[in-house]
Amino acid sequence: MIERVVDFFGDERYASQRRRLFYLVLVLVVIADFLVPREHAEYLWDRLPGWSAVYGFGSCVLLIFVSKFLGHQGGIMRREDYYD
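Oh and the sequence shown: position 57 is 57 in the UniProt record's numbering, straight run, nothing missing.
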């Protein structure tokens, strides 16, 4: 069972199926966010449907770009033979 899961997420043959699965999950999360009652929201953005999905996606992209910047421009990342 676990071998099939590892093959599905690691093999290039399943790339299009993986992409469709991820898009389906994304659509389901956004649809589920429309079903949440919003009468007790404290802030304006909490009342916007889909805000949680957009905020999570934006935060993830920002985290990736900041870590890439710190690794390459910030000097954290070193050459492979740095300690040789």
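All residues carry an ideal CB built from backbone N, CA and C; glycine is no exception.
- Can you check the stretch 33 to 57 for any alpha helix (DSSP H) of at least 4 residues that lies completely inside it and give the ranges in chain order? Qualifying alpha helix (DSSP H) stretches: none in this window.
- Message: Once the 5 residues before and after Tyr-23 are set aside, which same chain residues still bring their CB inside 6 Å of it?
- Response: Nothing meets the Cβ criterion.
- Assuming Asp-33 and Gly-58 make a contact with CB atoms under 8 Å, what is their CB distance in whole Å? Contact doesn't hold; Cβ gap of about 15 Å is too wide.
- With DSSP run on the structure shown, which of helix, strand or coil describes Ile-64? For Ile-64, the secondary structure class from DSSP, reduced to helix, strand or coil, is helix.
- Query: When you compare only the Cα positions, how much space is there between Gly-75 and Val-61?
  - Reply: For Gly-75 and Val-61, the gap between their C-alpha atoms comes out near 21 Å.
- Would you tell me roughly how many angstroms separate the C-alpha atoms of Leu-35 and Glu-80, rounded to the nearest one? Each residue's alpha carbon lies about 50 Å from the other.
- Cα-Cα separation between Val-5 and Leu-26, rounded to whole angstroms: Rounded to the nearest angstrom, the two C-alpha atoms are 20 Å apart.
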